[in-house]
Amino acid sequence: MLYALCAIFTAISAAVSFGFSVEACIKAKAEGDVAQTNAKYALSRSLAALLCCAGFVFPSDMYLTAVAVAMICIQLFDGIIGIKISLFKTLGPSMTAAVNAILLSLYIVRG
Numbered sequence: 005m006l007y008a009l010c011a012i013f014t015a016i017s018a019a020v021s022f023g024f025s026v027e028a029c030i031k032a033k034a035e036g037d038v039a040q041t042n043a044k045y046a047l048s049r050s051l052a053a054l055l056c057c058a059g060f061v062f063p064s065d066m067y068l069t070a071v072a073v074a075m076i077c078i079q080l081f082d083g084i085i086g087i088k089i090s091l092f093k094t095l096g097p098s099m100t101a102a103v104n105a106i107l108l109s110l111y112i113v114r115g
């Protein structure tokens, strides 16, 4: 049960990251080459984060732990970057990282 809950939350976190990256790519077309390059970099990072979905097909404790830790770090960094943008862009990723860390901790302790 905790495996599925942690895996689902990690996947949702990755999907949200991916969605913001796609949005950035769409908006960057009007802003020029540098903005497009940065947006494509963010998109590629988010595509890699979607690898968490493999944890549903091939359940693995170590894989879930690694992907969850990666997404926690990504969300924490997004929250830090969000400080310069808005309160929502700070609190959203920071709270996501916190909830994911709590779920992962519960999974590790009880697993």
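Be aware that the sequence shown starts at 5, since it is given in our numbering, and climbs by one per residue. Note that beta-carbon positions come from the ideal geometry of N, C-alpha and C, so glycine has one too.
Query                                                                                                                                                             : Result
Output the distance between the C-alpha atoms of I12 and E35, rounded to the nearest integer angstrom.                                                            : 35 angstroms
Jot down the residue ranges of each uninterrupted beta strand (DSSP E) in the stretch 31-62, minimum 3 residues, whole runs only, in chain order.                 : none
With DSSP run on the structure shown, which of helix, strand or coil describes S64?                                                                               : coil
Once you ignore the five residues that flank Y111 on each side, which residues in its own chain have a CB closer than 7 angstroms to its CB?                      : L6, Y7, C10
Assuming S25 and S50 are in contact, meaning their beta carbons sit under 8 angstroms apart, how far apart are those beta carbons, in whole angstroms?            : 4 angstroms
Exposed or buried, what is S109 when buried is set at 16 or more other beta-carbons lying within 10 Å of its beta-carbon?                                         : exposed
Using a Cβ-Cβ cutoff of less than 7 angstroms, which residues in the same chain neighbour C57 once the five nearest sequence positions on both sides are dropped? : A15
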